[in-house]
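The sequence shown begins at 12 in this note's numbering and counts up by one.
A virtual CB, placed ideally from N, CA and C, is assigned to each residue, including glycine.
Predicted, not measured: the structure shown is a model, and the values here were computed from it.
Note sheet for the following structure.
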Amino acid sequence: MTLANTIMRILHVWYAVGAYVLTKYQRLLGYDSKVLIANVNDKYGIRKFYRDYSLNVKPEEFIETYLVEAEAANVIHISLIGIVLRTCLKSRRLKKIIIYYDGLFLG
Numbered sequence: 012m013t014l015a016n017t018i019m020r021i022l023h024v025w026y027a028v029g030a031y032v033l034t035k036y037q038r039l040l041g042y043d044s045k046v047l048i049a050n051v052n053d054k055y056g057i058r059k060f061y062r063d064y065s066l067n068v069k070p071e072e073f074i075e076t077y078l079v080e081a082e083a084a085n086v087i088h089i090s091l092i093g094i095v096l097r098t099c100l101k102s103r104r105l106k107k108i109i110i111y112y113d114g115l116f117l118g
């Protein structure tokens with residue numbers, strides 16, 4: 012299989028509306044894109060609205076699912092800094108990771 016025949020796999024990690032919008036349009040462009048999110052409170056119904064674009068897992072299964080999904084991804088977009096700290100050391104191989112950090116979760 013040549014590079015031209017492979018599909019770019021993009022994994023967006025955690026809860027961000029922007030990640031769902033990116034996934035929607037990346038799929039329209041032919042990419043294999045998804046948002047990985049733990050089943051947590053969905054106060055405004057955003058996760059439900061974008062359910063076709065996400066992989067919802069139980070909180071206790073999140074890290075293991077992330078590691079499996081990240082292994083297959085070409086690009087990993089993380090919008091929660093704590094995930095980077097907890098999972099980079101567990102990764103099976105080095106990958107380029109795009110971190111979006113908006114200043115939340117400083118505590």
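Starting from the Cα of aspartate 63, find the closest Cα among Asn85, Ala81, Ile87, Thr34 and give me that residue.
What you label residue 63 is simply residue 52 of the sequence shown in a count that begins at 1. Considering only alpha carbons, the answer is Thr34.
So arginine 20 and asparagine 67 are supposed to be a Cβ contact under 8 Å. How far apart are they, rounded?
The sequence position of residue 20 within the sequence shown is 9, counting from 1. The sequence position of residue 67 within the sequence shown is 56, counting from 1. 18 Å between Cβ atoms; not a contact.
So who's on the other strand from leucine 22, going by DSSP bridges?
Within the sequence shown, residue 22 is the residue found at index 11, counting from 1. Leucine 22 pairs with Lys45, Ile87.
Please work out which residues of its chain come closer than 6 Å, Cβ to Cβ, to threonine 76, disregarding the five sequence neighbours upstream and downstream, and give them in chain order.
Residue mapping note: residue 76 aligns to position 65 of the sequence shown, counting from 1. Closer than 6 Å at Cβ, skipping near neighbours: Val68.
Helix, strand or coil, according to DSSP, for leucine 66 in the structure here?
The sequence position of residue 66 within the sequence shown is 55, counting from 1. Strand.
Tell me whether the beta-carbon of leucine 47 lies closer than 8 Å to the beta-carbon of valine 28.
Locating residue 47 in the sequence shown gives position 36, where the first residue counts as 1. Locating residue 28 in the sequence shown gives position 17, where the first residue counts as 1. Not closer than 8 Å, so no.
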